[in-house]
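Trainee: First to last, the protein sequences are chains B and P.
So the first sequence is residues 1 to 712, counted in our numbering.
So the second sequence is residues 1001 to 1106, counted in our numbering.
Each residue gets a CB set at the ideal place from its N, CA and C atoms; glycine is no exception.
Next up is a structure, given as structure tokens.
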Amino acid sequence: MPIEVLKFVPWIPLLAAVFCCLCCMRKPLRPLAGPICVLSIFTGFVIAVLTYTEAVAGPAQVVTFFKWIGVGVDAQGNGGFQADFAYYIDSLTMVMLFVVTGIGSLVALYATGYMKGDRGFARFFGGVSLFIFAMTSMVMGDNLIVLYLGWEMVGLASYLLIGFYYSKPSAVAAAKKAFIVNRIGDLGFALGIFTVYMTFGSVRYAEIIPAAQAMIGKVDVATLSASALAAYQQATLPHHTAWVMAAPLLLMLGAIGKSAQIPLYVWLPDAMEGPSPVSALIHAATMVTSGVYMISRLLPLFEYSPYALPTVATIGGVTAIFAGTIALCQYDIKRVFAFSTVSQLGYMFLGVGVLSSVGGMWHLISHAFFKGLLFLTAGSVMHAMAGQLDLRKMSGLRHKMPVTCWLMFAACLSLAGVPLTSGFFSKDLIIAAVFDRAQMEGTWATGYYLLGIAALVTAFITASYGFRVWFRVFMGPEQYEMGHEDHGAPEPESPDHSAEDKAHQHGKNTEDHDTHHGHHHAPHEMPWWPMNIPLVVLALGATVGWIVVGFIGSHKYGWIGSMVYGSSAKPSVSIKHGTMLGLDVHYVMMAVSGLLAIGAIALAAYLHWLNRDAGARLAARFVGVVKLLSAKYYVDEIYDAVIVKPLRLKAQLFFVIDQLILDGLVQLVGWLPGNTLGRAAQKTQTGRLQGYGLGMAAGLAILAVLIFIVVN
Amino acid sequence: MPEALSTFALSHYLLVGAVLFVLGLIGFVTRRNLIIMFLCTEMMFQGIAISLVAFSRFHSNDTGQTFVIFVLTIAAAEAALALGLVVLLFRRKRTLDAQAWAAMRG
């Protein structure tokens, strides 16, 4: 299929979003929104598959959708500022398209079952379609402006879907928090784009990527196209060098915000207020990985600055272990997985930061499968338990929900990095790459070793918290306490449905309610279609997906290796496999992290399944640590005290100034004439017609006399 | 200029018009009965109309007379309206005293 067809991939979901919004208007149309959304995303996947061979053959191709911004561009299309609505198609784009549309259609399919009966059914799928439009535009965009546009639009979609249950104050607060925290990162991102334009004179990948590759010596300057050569010459001007080095650091700020890294990760755990499919799709599988995608895409630019990638690696490594420890002591299942996402994103940053963009992208794919699956199975549990998410209030659900139980088991295996699962290979590639880098690197070797050790410790922690959840929820004696909500949503209050809702509330504890909504008092398994089938596909990806992704193919790292090395994410330095204990580091790390994972699972099995009293005793012994971790290191409180409170104080001060001084002045201007001239003139308004008539006559007379005097 | 009118100067006509106007004005200012006040305004009209006709004849310009015909026609219509309003006002307060309508007094 010709590659031009790819340009419709983002627009079909946008059309679907419009249709979903139309479906919102009429109640009988609402159930149509789900299939519309799923089909639109799946069409994108089919197009991506059909154009795949065209797209990955040869160098990157640009498909223009329409001319957008062009200022001072000459007849040949060179110079000036040019940002078209065009798509940059190379193998990295295709990888991201497969992830976004593939995982997207599976999650959307699951959601058609999960969201059934929700009043916001059509609104939900409108948001999901909008998100897919934004996300595909972002990964396909041919320049930084389209990237930024997509970047902001996914932020908008995320905001809308986190705040989906808008009558719940915590959801609204979480949506606002996500939006505001992302603005901080996006400010840096915007400044980074300005800096790139200032130094390269262009925002198009086709110009800045070859220019940056020439600057790091990956391609010969003589082979550059005319426009890329111009960008190269402008960026290598002496007074631009420092700016070129600043650009990746600023761009990274955007990635830190969007991909929830320290210090801007605080929004992601709260974002779990959204429905579970949203958590799975946006806040685990796709949107939050856009930072990793962006750094991989602009890797030559990051490589040019000697500080950018070490900073990325450090932030990633620290975030991985920091968020991992928090996840150990959370009680809300979705929160555990949220911190786990932050931690795994840290791994991806670490991978890209040590020039293993293959590891970063591979882990992105594995993570999309297993974390998507974890969130969806958590959603199933939540759905079955009427909104209950507290680990302490459920146990031994394996008989009630056998399919969900084993699906989550598969996801946990992959998350934990148990040998021969997808998560194992992708995570090991990253960990080993850190040690490779440490052995290659002279100056920061110690730093890289520390990061490697942190990554190994995180691997152990990851396996512990993942299986802690699984053993607590599905193993042990069967006991549980049902929640009080459907999907964690409060009862909707809206005039057009109030009668229905009242019936709903009254019928809450009756059989009538159960038959009406399909909920039972006891947890129940989800139906195969449309809910468990997509999960099985995800589970296959999470466990044996590595065979397709990282094993089959001519490249050393299989398919994903040839994809990443065939794109701009190919590092300029080829990583040499180091040796440790006389063996290849990669084999050593596979053995070490495999053992760590199995050990951690055994420990979790002991503490959370076989001997829960021992777990409780252990927690009681380290009560201070547990308190610190379950309070998430008090980071939210610290931010509140250091940033939010002072800003609020300042705002209150300004409010007073505004009210007293500015508003006061305006009020005075209105009050003064009224109370001086107005009061005086008031006396003349007697209400006597005769008086007015006399006044008119007298005025006319005076006027006549005056005219008489003037004329004569 | 026609013979009959030539014995009278323009000023005679204007004087009659002015007297009518001033009488109307005095009536309007001194009386409180709405109907009387209204009739007084009509009188002022007629004063002006006489002046207009007089000027028209004096300058042999028919525009003034045409204008007067219009004024009288409209005055007739307006008189019907105004009397209707007066009736309505009377129904509201059962009085014709203009003093009764002073709610907007400052």
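(1) At 8 angstroms on the CB atoms, spell out the chain B contacts of VAL1029/P, in chain order.
(2) Do VAL219/B and LYS258/B have their beta-carbon atoms positioned less than 9 angstroms apart in this structure?
(3) Work out the CA separation of ASN675/B and ALA1065/P for me, nearest whole Å.
(4) CB-CB under 6 angstroms to GLN82/B, same chain, minus the five flanking residues each way: which ones, in chain order?
(5) Flag this pair as yes or no: are the beta carbons of SER279/B and ALA378/B separated by less than 9 angstroms?
(6) Can you tell me whether ASP74/B is helix, strand or coil according to DSSP?
(7) So the beta strand (DSSP E) PHE81/B belongs to, where does it begin and stop?
(8) Between the Cα of ILE12/B and the Cα atoms of CYS24/B, ILE3/B, ILE47/B and CYS23/B, which residue gives the shortest distance?
(9) Leaving out the 5 sequence neighbours to the left and right, which residues in its chain are closer than 7 angstroms to THR325/B when beta-carbon positions are compared?
(10) Start and end of the alpha helix (DSSP H) containing TYR692/B?
(11) On the criterion of 16 or more Cβ atoms from any shown chain inside 10 Å, does ASN1061/P qualify as buried, or is it exposed?
(12) What does the Cβ neighbour count give for THR319/B, buried or exposed, with the cut at 16 atoms within 10 Å?
(13) With 9 angstroms set as the bound, which would you pick, yes or no: does the beta-carbon of GLY1106/P sit closer than that to a beta-carbon of chain B?
(14) Who pairs with THR341/B in a beta bridge, going by DSSP?
(15) To the nearest angstrom, how far is it from the Cα of ALA411/B to the Cα of ALA16/B?
(16) Check the Cβ of MET1037/P against every Cβ in chain B and list those closer than 9 angstroms, keeping chain order.
(17) Using 9 angstroms as the limit for Cβ to Cβ distance, is LEU1072/P near chain B?
(18) Within the chosen definition, does the segment 29-36 of chain B reach the segment 116-136 of chain B through at least 3 CB pairs nearer than 8 angstroms?
(19) Report the neighbours of ALA1102/P on chain B: residues whose CB is nearer than 8 angstroms to its CB, in chain order.
(20) Going straight from the alpha carbon of THR199/B to that of MET294/B, what length do you get?
(21) Which partner residues does ARG204/B have in the DSSP bridge list?
(22) So which of ILE430/B, MET563/B and TYR110/B has the shortest CA-CA distance to GLY353/B?
(23) Taking 8 angstroms as the limit between beta carbons, can you name the residues of its chain near MET1044/P, skipping five residues before and five after?
(24) Beta carbon of PHE66/B, beta carbon of TYR87/B: below 9 angstroms?
(25) Hey, PHE369/B and SER422/B: beta-carbon distance below 9 angstroms or not?
(26) I'd like to know whether the C-beta of GLN1046/P is nearer than 9 angstroms to at least one C-beta of chain B.
(27) Under the three-state reduction of DSSP, which class applies to TRP68/B: helix, strand or coil?
(28) For the alpha helix (DSSP H) that ARG621/B lies in, which residues bound it at each end?
(29) In this structure, how does DSSP classify THR94/B when only helix, strand and coil are distinguished?
(30) By the three-class DSSP mapping on this structure, what secondary structure does TYR159/B have?
(31) Return the chain-ordered list of same chain residues with a C-beta closer than 6 angstroms to the C-beta of TYR197/B, the five sequence neighbours on each side being excluded.
(32) Hey, how far is the Cα of SER426/B from the Cα of LYS371/B?
(33) According to DSSP, simplified to helix, strand and coil, what is HIS1012/P?
(34) Note the first and the last residue of the continuous alpha helix (DSSP H) segment covering TYR52/B.
(35) Just checking my contact of TYR114/B with MET401/B at CB under 8 angstroms: how many whole Å lie between their CB atoms?
(36) Just verifying my parser: in three-state terms, what is the DSSP assignment at SER395/B?
Mentor: Taking the structure as given:
(1) For VAL1029/P, the residues of chain B that pass the 8 angstroms Cβ criterion are GLN690, GLY693, LEU694 and ALA697, in the order they occur in the chain.
(2) No, Cβ-Cβ distance for LYS258/B and VAL219/B is not below 9 angstroms.
(3) According to the sequence displayed, residue 1065/P carries Gln and not Ala. GLN1065/P and ASN675/B: Cα-Cα distance of roughly 51 angstroms.
(4) Contacts found: GLY70 and VAL73.
(5) Between SER279/B and ALA378/B, the gap from beta carbon to beta carbon is short of 9 angstroms.
(6) ASP74/B falls in the coil class under three-state DSSP.
(7) Per DSSP, PHE81/B belongs to the beta strand (DSSP E) from 81-89.
(8) The residue with the shortest Cα to Cα distance from ILE12/B is ILE47/B.
(9) Counting only Cβ-Cβ distances below 7 angstroms, and skipping sequence neighbours, we find ILE461 and LEU629.
(10) In the DSSP assignment, TYR692/B falls within the alpha helix (DSSP H) that extends over 689-711.
(11) Using a 10 angstroms sphere on the CB of ASN1061/P, the tally of other CB atoms stays under 16, which defines it as exposed.
(12) With 16 or more other CB atoms across the displayed protein chains lying within 10 angstroms of its CB, THR319/B is buried.
(13) Under the 9 angstroms criterion on CB atoms, GLY1106/P is classed as interfacial with respect to chain B.
(14) For THR341/B, which the question treats as bridged, DSSP gives no partner whatsoever.
(15) When rounded, the distance between both Cα atoms is 31 angstroms.
(16) Under the 9 angstroms cutoff, chain B gives LEU689, GLN690 and GLY693.
(17) False, the Cβ-Cβ gap to chain B never drops below 9 angstroms.
(18) With a cut-off of 8 angstroms, the segment 116-136 of chain B and the segment 29-36 of chain B count as touching, because enough Cβ pairs lie within range.
(19) Correct list: THR686, GLY687 and ARG688.
(20) Rounded to the nearest whole angstrom, the CA to CA distance from THR199/B to MET294/B is 19 angstroms.
(21) Bridge partners of ARG204/B: ASN143/B.
(22) If we check each option's Cα against that of GLY353/B, ILE430/B comes out closest.
(23) Non-local C-beta neighbours of MET1044/P in its own chain, meaning closer than 8 angstroms and more than five positions away in sequence, comprise LEU1020, PHE1021, GLY1024, LEU1025 and PHE1028, ordered along the chain.
(24) Taking 9 angstroms as the cut-off, the beta carbon of PHE66/B is found no closer than this to the beta carbon of TYR87/B.
(25) Less than 9 angstroms divides the Cβ of PHE369/B from the Cβ of SER422/B.
(26) False, the Cβ-Cβ gap to chain B never drops below 9 angstroms.
(27) Three-state result, TRP68/B: strand.
(28) Run containing ARG621/B: 612-621, per the alpha helix (DSSP H) assignment.
(29) It should be pointed out that residue 94/B corresponds to Met in this sequence rather than to Thr. Helix.
(30) In this structure, DSSP gives TYR159/B a helical state, which the three-state scheme calls helix.
(31) The residues are VAL203.
(32) Rounded to the nearest angstrom, the two C-alpha atoms are 14 angstroms apart.
(33) DSSP places HIS1012/P within a helical segment (H, G or I) once states are collapsed to three.
(34) Residues 52-56.
(35) Wrong, their Cβ atoms sit about 14 angstroms apart, outside the cutoff.
(36) Three-state DSSP puts SER395/B in a strand.
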